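Numbering (our numbering), first residue to last: 1457 to 1542. We put the beta carbon where it would ideally sit given N, CA and C, even for glycine. The structure presented is a predicted model; accordingly, all values stated were derived computationally and were not measured.
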Amino acid sequence: MVHCAGCERPILDRFLLNVLDRAWHVKCVQCCDCKCNLTEKCFSREGRLYCKNDFFRGARGREVGEWGEAEGGERGTRAGARSSSR
């Protein structure tokens, strides 16, 4: 059974999101500061997700977004839905 990286509960939904190589409920992919839903692009620092505004208020981290290449030459990940039956 797959567990959500955000709430640690089982993902029983038909779809899940794969962000930072971890599975998430769609509703759990939100900024850890302002709690807004992150639907297209998100930023990450120390395994925590941020919206663009909150991310740039803090120290530099790495972007995890739709364009692939992240700061420091690391590869980013597109937040994509996939079937949870895999």
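The DSSP-derived three-state label of Arg1478 is strand. Remark: C-beta atoms of Trp1480 and Cys1498 do not approach each other more closely than 8 Å. In this structure, Asp1510 keeps its C-beta atom at 8 Å or more from the C-beta atom of Asp1477. Taking C-beta atoms as the reference points, Gln1486 and Leu1494 count as a pair closer than 8 Å. Per DSSP, the continuous alpha helix (DSSP H) segment holding Arg1513 begins and ends at Lys1508 to Arg1513.
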